[in-house]
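Participant: Residue numbers (the working numbering): 152 to 492. I have a structure I would like to understand better, so I am pasting it below and will then ask my questions one at a time.
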Amino acid sequence: MHYAVPIIFEGQIRRIGTDHGSGYHAIRQSEHPGGTPYFPPVVNGLDYLVSVVEHLKPDAPSPRDLKYAVLHLAAGAEVLLKARLQMEHWTLVFSHPGRAVRDEVEQGTLISCTPKEARERVENIVGIPVAKPDAEALDQLAKMRNALQHYGLVGPAANAQAIETLTAKVLGFLMPFLDDHVLGRLTEDEQGEMEHELVRIRSGLRDIQAYAVQRLRSLGPKLGPLRNRTLQCPECSQWAYVPSPTPIPDTLRPNRVYYVTTCYFCEIQHVESETAAFQYLVNHTIYEYRNAFGETIYPSKAFVCPQCATDSLAPRARLAADPDTEVNFCFRCAAPVSVPS
């Protein structure tokens with residue numbers, strides 16, 4: 152089935168950090184009372200990831216748990232990507248490598264590159280490929296962290312299931328990245344120091360993964376008949392975003408009706424088809440273009456549907472029934488539509 156594709160972690164529990172099950176918690180060196188703080192880059196990144204899986208407990212995490220899971224996952228991802236850049240060359244973590252000063256690295260006073268720049272340098276300079284879904288998840292995480300730090304986490308983004316799903320995706324990228332491109336460059340002693348961190352992370356990962364798989368499996372009977380109008384959710388990225396073609400009347404205003412789009416996974420809802428289409432457009436299609444003057448234009452709304460004449464059209468959309476094919480999809484009509492060329 153194409154809908155609700157689970158996030159697969161099979162084969163990632165390997166090399167350093169044997170998984171002893173989700174109930175196993177080794178005492179790490181950094182947790183001993185009275186110890187001296189020692190967090191070199193890779194250890195520091197792993198410590199952030201330990202915090203993430205601890206905050207996303209198998210039982211329902213609190214809003215505070217979700218807040219720190221986002222902050223610490225974003226920090227961990229950034230630290231680990233930059234650690235790999237440093238392994239390639241110490242100047243690559245600077246915002247402007249040509250102006251790099253080694254003392255600033257050792258003193259921690261450097262102005263470093265952004266998380267997006269770090270990912271792009273890992274790809275373009277180090278030569279480590281990052282799949283498009285992984286890149287999108289990392290970028291989405293950085294935006295969520297930025298919003299949380301500067302403005303707070305409210306509205307559609309403040310969704311427990313969407314946060315857990317994004318966490319699973321980012322961790323699903325980071326663990327193979329560590330195994331394949333980072334840990335092998337460390338000494339045996341350094342690897343030994345990280346054993347307990349990796350055990351804790353891999354154990355916690357299984358709980359997050361199990362949650363996503365279980366929920367997606369339970370949604371199968373509902374989503375199966377809706378595959379021809381099921382899209383990827385702009386919040387959680389699961390194939391569970393379903394517009395309804397049936398108008399729902401406003402009980403207070405009889406002349407007003409709503410066309411509701413619902414994600415069955417994270418349960419976000421948009422009661423306006425125009426809003427649902429624009430959110431999808433921004434997150435899952437090409438939402439910028441150049442005008443006749445060569446200027447980059449970012450649409451402020453979705454496109455006009457030739458069938459219903461509302462701003463509910465998302466070009467280049469993909470449906471769960473055939474995710475490899477792009478269609479012009481109208482969220483008001485809840486169906487693909489033909490657009491005159």
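Positions of the beta carbon are idealized from the N, C-alpha and C atoms, including for glycine.
Going by the beta-carbon positions, is the gap between Phe444 and Ala465 smaller than 7 Å?
Facilitator: In the sequence shown, counting from the first residue as 1, residue 444 sits at position 293. In the sequence shown, counting from the first residue as 1, residue 465 sits at position 314. Taking 7 Å as the cut-off, the Cβ atoms of Phe444 and Ala465 do not count as close.
Participant: Go ahead and label Gly196 buried or exposed: buried means 16 or more other beta carbons lie within 10 angstroms of its beta carbon, across all protein chains shown.
Facilitator: To locate residue 196, count along the sequence shown from 1; it is residue 45. So Gly196 counts as buried.
Participant: Per DSSP, what kind of secondary structure is Ala472 in: helix, strand or coil?
Facilitator: By 1-based counting over the sequence shown, the position of residue 472 is 321. Looking at Ala472 - three-state DSSP - the assignment turns out to be coil, as it is neither helix nor strand.
Participant: Counting along the chain, where does the alpha helix (DSSP H) carrying Thr402 start and finish?
Facilitator: For the purposes of this step, residue 402 is identified with residue 251 of the sequence shown, where counting begins at 1. Neither: Thr402 is in no alpha helix (DSSP H) and is coded neither H nor E.
Participant: For Asn310, which of helix, strand or coil comes out of DSSP?
Facilitator: To locate residue 310, count along the sequence shown from 1; it is residue 159. DSSP places Asn310 in coil when its eight states are reduced to three.
Participant: Inspect the beta-carbon positions of Leu232 and Ala220 and report whether they are closer than 7 Å.
Facilitator: Taking the sequence shown and counting its residues from 1, the one referred to as residue 232 is at position 81. Taking the sequence shown and counting its residues from 1, the one referred to as residue 220 is at position 69. Between Leu232 and Ala220, the gap from beta carbon to beta carbon reaches 7 Å or more.
Participant: Taking the C-alpha atoms as reference points, what is the distance between Glu287 and Pro491?
Facilitator: Numbered from its first residue, the sequence shown carries residue 287 at position 136. Numbered from its first residue, the sequence shown carries residue 491 at position 340. Taking the straight line joining both Cα atoms gives about 31 Å.
Participant: Using 8 Å as the Cβ pair cut-off and three pairs as the minimum, do the region 373 to 393 and the region 415 to 430 touch?
Facilitator: yes
Participant: Go through its chain and collect everything with a Cβ distance to Ser463's Cβ below 7 Å, but skip five positions before and after it.
Facilitator: For this step, residue 463 is matched to residue 312 along the sequence shown. So the qualifying residues of the chain are Ser424, Glu425, Ala428, Ala453, Cys456, Cys481, Phe482, Arg483.
Participant: According to DSSP, simplified to helix, strand and coil, what is Ser418?
Facilitator: For the purposes of this step, residue 418 is identified with residue 267 of the sequence shown, where counting begins at 1. At residue 418 the sequence reads Glu, which differs from the Ser that was named. Glu418: coil per DSSP, three-state reduction.
Participant: Does the count of Cβ pairs from the region 257 to 270 and the region 212 to 229 closer than 8 Å reach three?
Facilitator: Contact annotation: the region 257 to 270 touches the region 212 to 229, with at least three C-beta pairs closer than 8 Å.
Participant: Classify Val393 as buried or exposed, calling it buried when 16 or more other Cβ atoms lie within 10 Å of its own Cβ.
Facilitator: Counting from one through the sequence shown, the residue named residue 393 turns up at place 242. With 16 or more Cβ atoms within 10 Å of its Cβ, Val393 is classed as buried.
Participant: Can you tell me whether Glu503 is buried or exposed, with buried defined as 16 or more other CB within 10 angstroms of its CB?
Facilitator: With the chain covering 152 to 492 only, the question about residue 503 has no answer from this structure.
Participant: Any idea what DSSP makes of Gln430, helix, strand or coil?
Facilitator: The residue labelled residue 430 in the question sits at position 279 within the sequence shown. In the structure shown, Gln430 sits in a helix (DSSP, three-state: H, G or I).
Participant: So, for Asp254: in the same chain, excluding its five sequence neighbours on each side, which residues have a beta-carbon less than 7 Å away from its beta-carbon?
Facilitator: Position 103 of the sequence shown holds residue 254. Excluding positions up to five away in sequence, the list is empty.
Participant: Quick one, are the C-beta atoms of Ala471 and Arg366 less than 7 Å apart?
Facilitator: The count along the sequence shown starts at 1 and reaches residue 471 at position 320. The count along the sequence shown starts at 1 and reaches residue 366 at position 215. No, the pair does not count as a contact, with Cβ atoms beyond the cut-off.
Participant: Excluding sequence positions up to five away, which residues of its chain have a Cβ less than 7 Å from the Cβ of Thr397?
Facilitator: To locate residue 397, count along the sequence shown from 1; it is residue 246. Here the set comprises nothing.
Participant: Between Ala486 and Val478, is the Cβ-Cβ spacing less than 7 Å?
Facilitator: For the purposes of this step, residue 486 is identified with residue 335 of the sequence shown, where counting begins at 1. For the purposes of this step, residue 478 is identified with residue 327 of the sequence shown, where counting begins at 1. The answer is no: Cβ separation not under 7 Å.
Participant: Count the other CB atoms within 10 Å of the CB of Pro385; is the residue buried (16 or more) or exposed (fewer)?
Facilitator: Counted from its first residue, the sequence shown places residue 385 at position 234. With 16 or more Cβ atoms within 10 Å of its Cβ, Pro385 is classed as buried.
Participant: Rounded to the nearest angstrom, what separates Val113 and Gln420 at their Cα positions?
Facilitator: Outside the shown range of the chain (152 to 492) lies residue 113, about which nothing can therefore be said.
Participant: Using the C-alpha atoms, what's the distance from Ile276 back to Leu222?
Facilitator: Position 71 of the sequence shown, counted from the start, is the residue given in the question as residue 222. Position 125 of the sequence shown, counted from the start, is the residue given in the question as residue 276. Using only the alpha carbons, I get a separation of about 27 Å.
Participant: With which residues is Glu477 paired in a DSSP beta bridge?
Facilitator: Position 326 of the sequence shown, counted from the first residue, corresponds to residue 477. Glu477 is bridged to Arg469.
Participant: Three-state secondary structure (DSSP) at Tyr219?
Facilitator: Translated into the one-based positions of the sequence shown, residue 219 becomes position 68. Helix.
Participant: Is the distance from the Cβ of Gly355 to the Cβ of Val244 below 7 Å?
Facilitator: As a first step, residue 355 must be located in the sequence shown, where it is residue number 204. As a first step, residue 244 must be located in the sequence shown, where it is residue number 93. No, the Cβ-Cβ distance between Gly355 and Val244 is not below 7 Å.
Participant: Alpha carbon to alpha carbon, how far is Ala391 from Asp473? Give it in angstroms, no decimals.
Facilitator: One-based indexing of the sequence shown puts residue 473 at position 322. One-based indexing of the sequence shown puts residue 391 at position 240. The alpha-carbon atoms of Asp473 and Ala391 are separated by roughly 14 Å.
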